[in-house]
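Using this note's numbering, the first residue of the sequence shown is number 231, and each one after it goes up by one.
We put the beta carbon where it would ideally sit given N, CA and C, even for glycine.
This report refers to the structure that appears directly beneath it.
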Amino acid sequence: NPGPGYKSDWNFVEAYFQLNTIVNGVGQANGVIQYWFNGALVIDRHDILFRTGAHPTMQMDQLIIAPYIGDGSPVDQYMWVDNLRIATGRIP
231 NPGPGYKSDW NFVEAYFQLN TIVNGVGQAN GVIQYWFNGA LVIDRHDILF RTGAHPTMQM
291 DQLIIAPYIG DGSPVDQYMW VDNLRIATGR IP
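Right under this line is the structure:
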């Protein structure tokens with residue numbers, strides 16, 4: 231069943247990612263993912279391991295914006311993106 235923010239509604243989505251640290255060649259599980267949906271914080275994780283000692287210089291340098299449909303949709307679906315902003319911190 232669809233939840234709030236479904237069909238024909240505009241929604242305000244914010245996401246914040248911070249890579250984990252590497253200490254003495256070992257990746258620490260202290261990366262951050264935060265996700266807000268229409269102002270409500272719905273994901274707040276501070277224990278993420280994005281990179282390991284094998285790739286200590288890894289950085290985020292790409293962004294993919296796409297819906298997740300699982301195995302595919304039996305009908306055409308559309309997603310509109312407006313006012314996209316990318317920053318190094320949360321935008322007030």
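| Check | Outcome |
| --- | --- |
| C-beta contact flag for residue 263 and residue 286 at 8 Å | no |
| Residue 271 in three-state terms, based on DSSP | strand |
| Spatially closest choice to residue 254 from 265, 271, 282 and 242, by CA coordinates | 282 |
| For residue 320 and residue 306, the rounded distance between their alpha carbons | 33 Å |
| For residue 263: DSSP bridge partner residues | 247 and 275 |
| Beta-carbon proximity of residue 261 to residue 271, cut-off 8 Å | no |
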